[in-house]
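Inspection log for the structure reproduced underneath, given as structure tokens.
Residue numbers (the UniProt record's numbering): 1 to 658.
This is how it looks when you write it as structure tokens:
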């Protein structure tokens, strides 16, 4: 296909997504591993992206620090990612030899990980690199190898990528029919797997093939499909590129009106989306159409306007292209003086670009030399380390012996400490057992024996008829009270003994707090009446707990009896409940009696705590609160005592909500 004007520009867009200008996928588009490691990896890659292309030494330094970091963690996956992305960035900036080194390292690591997905991806990237070096045979070999790996791994994405790259390679070799075959195979993979991998690239590249073959109508149709896809997906940059290619096809067909129409649409779209560079790159095709219409002066005017805009954006490749176009327009107008001036400007920019390439090549050589020196230093360090290792082995053997001996001694000391701790625990338990035994003897020998001795003496007096009727009734009431108290003491002793011997076997059920409180009050009505006590129930309605019913009844009965015992005549007792947290209810019994000292608050629930007499000289054993503590703990709750802000004591405990 002959193109008289802006031939290089047309070819630029025909090969807009050629293999050897590898598409710039986001550098960070990779699988994540551990969250902390992935954040660290993101930071390293962010540093790399922020380094200017000419500062290759800085790039290598960042990469080496990252590699050392992940080597310490023995993190092969992230080592692969660092090498792969370093190769990608260096390839994009034109440092081919350095890129090859990092890609090869990434490939070796992916094989050690047996990660076929990464292996296929990196192999394809190496093919791109050899394509940029101009070794198409080597590039093709790598693409075919990547395709084989993708097929073995059943990886449709890398299959499509390999076919796309093989097709583009065939275009570069001027074999458009074979290129088209590869693109159709890529389409077949997407259809079979119901995927759309690289579909935009495939559409554009098929259009390119048709354009090369001179089948402009087919090319136009493919570019229009690509435009519609970009429009549907809201990709303005791809829309602009598609409109430009559509315009160039119309231009080749001689339909200048449609060519200009599509170019104008693309220019407006670029402006609307703030795509300044794309606006200039599509705008340069307008003078091309004007040139073909022999409107040379108008084409030159527009080129000069575009030249100023291009200089502001520092797009030197586009400046060279505009100068070359100005050379053609000047020659068409027989203005050879201007043509020579434009040619000289173009040559200066080309020489400048060559100098930049030379500087990059020198920087790459220096960086490669630095890597070589670093490897040599590492090798030297390894040799020195090997020599020193022998000397250290003897010292290490001695240290190991000392360490083993130390471990043995430590183990002996630990066993002695454990043995002593057990002895102390046993001593503590024995002391507690003796205290409990003494308390039991005290209760049995003093409280119970004394009560029954008194009862027996009164009964003998009644039997002998030595009491008046009024006195007899008085002493009978006393016997009833003492018997009731003794029975309660025996019940407490029995429950405590069962808990110690058999343990607390639970049978949890849903229990109404209000009902059990009412039962506890009814059992103590006589004592409440005698002391003229005021007893208030607060917020107990609809409060249920999930607990052993016998345990709960005992706890409520004991706490109410305890509050009655230590509350003076005309005193007040409050029983209330509220939510302790999401799953627990707190139940409290508060009195305004004689209270408990801060010191006694800590030991009031212990088995060896001392019992005190009540406000009416009532006796107790002290076992009630101990049993309450054991039952509440067995049911998964806790109990505590605190001083009432008004006067007296508050005892609270928690239960599971029912």
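Glycine residues also receive a C-beta, built at the ideal position from the N, C-alpha and C atoms.
Every value quoted in this text rests on a predicted model; they were computed, and no experiment measured them.
- Contact check for residue 306 and residue 284: beta-carbon distance about 6 Å, within the 8 Å limit, so the pair qualifies.
- Beta bridge pairing from DSSP links residue 605 with no other residue.
- With respect to the 7 Å criterion, residue 517 and residue 658 are not classified as neighbours on the basis of their beta carbons.
- Less than 7 Å divides the Cβ of residue 48 from the Cβ of residue 62.
- Between residue 644 and residue 651, the beta carbon gap of about 10 Å keeps them out of contact (Cβ cut-off 8 Å).
- For residue 523, the enclosing alpha helix (DSSP H) covers residues 513 to 523.
- The continuous stretches of beta strand (DSSP E) do not include residue 566, and DSSP gives it neither H nor E.
- Note on residue 394: under 16 other CB atoms within 10 angstroms of its CB, so exposed under the neighbour-count rule.
- In chain order, 532 place their CB closer than 7 Å to the CB of residue 570, counting only its own chain and leaving out the 5 sequence neighbours on each side.
- In the structure shown, the three-state DSSP call for residue 534 is strand.
- DSSP, reduced to helix, strand and coil, places residue 333 outside both helices and strands of the structure shown, so it counts as coil.
- Within the DSSP bridge table, the entry for residue 600 names no partner.
- The Cβ atoms of residue 266 and residue 240 sit closer than 7 Å to each other.
- When DSSP reads this structure, residue 578 sits in a beta bridge with 586.
- Around the CB of residue 422, fewer than 16 other CB atoms lie within 10 Å, so the residue is classed as exposed.
- For residue 85, the enclosing alpha helix (DSSP H) has its first and last residue at 76 to 92.
- For residue 657, no alpha helix (DSSP H) run applies; the uninterrupted beta strand (DSSP E) run containing it begins and ends at 649 to 657, by DSSP.
- For residue 642, the uninterrupted beta strand (DSSP E) run begins and ends at 639 to 643, by DSSP.
- Apart from sequence neighbours up to five positions away, the residues of its chain that approach residue 90 with a beta-carbon distance below 6 Å are 98, 99, ordered along the chain.
- Note that the C-beta distance between residue 146 and residue 162 is below 7 Å.
- In the structure shown, residue 284 falls within a coil segment according to DSSP collapsed to helix, strand and coil.
- For residue 116, the closest of 70, 149, 85, 131 by C-alpha to C-alpha distance is 149.
- Straight-line measurement puts the Cα of residue 254 at about 17 Å from the Cα of residue 210.
- With fewer than 16 other Cβ atoms from the protein chains shown falling within 10 Å of its own Cβ, residue 403 counts as exposed.
- Listed as beta-bridge partners of residue 572 by DSSP are 534.
- Within the segment 168 to 210, the complete alpha helix (DSSP H) segments of 4 residues or longer fall at 176 to 193, listed in chain order.
- In this structure, residue 310 and residue 318 form a Cβ contact; the two beta carbons are roughly 5 Å apart against a cut-off of 8 Å.
- By the CB criterion at 7 Å, residue 164 and residue 198 fall inside the cutoff.
- Straight-line spacing of the CA atoms in residue 424 and residue 415 works out to 14 Å.
- Secondary structure at residue 539: coil, using DSSP grouped into helix, strand and coil.
- Residue environment analysis places residue 302 among the buried positions, since at least 16 neighbouring C-beta atoms fall within 10 angstroms of its C-beta.
- Contact check for residue 639 and residue 655: beta-carbon distance about 10 Å, past the 8 Å limit, so the pair fails to qualify.
- For residue 124, the uninterrupted alpha helix (DSSP H) segment begins and ends at 116 to 133.
- Our two residues, residue 81 and residue 106, have alpha carbons roughly 7 Å apart in a direct line.
- Residue 251 holds the alpha-carbon nearest to the alpha-carbon of residue 286 among 251, 572, 270, 76.
- Beta-bridge analysis with DSSP links residue 544 to 512.
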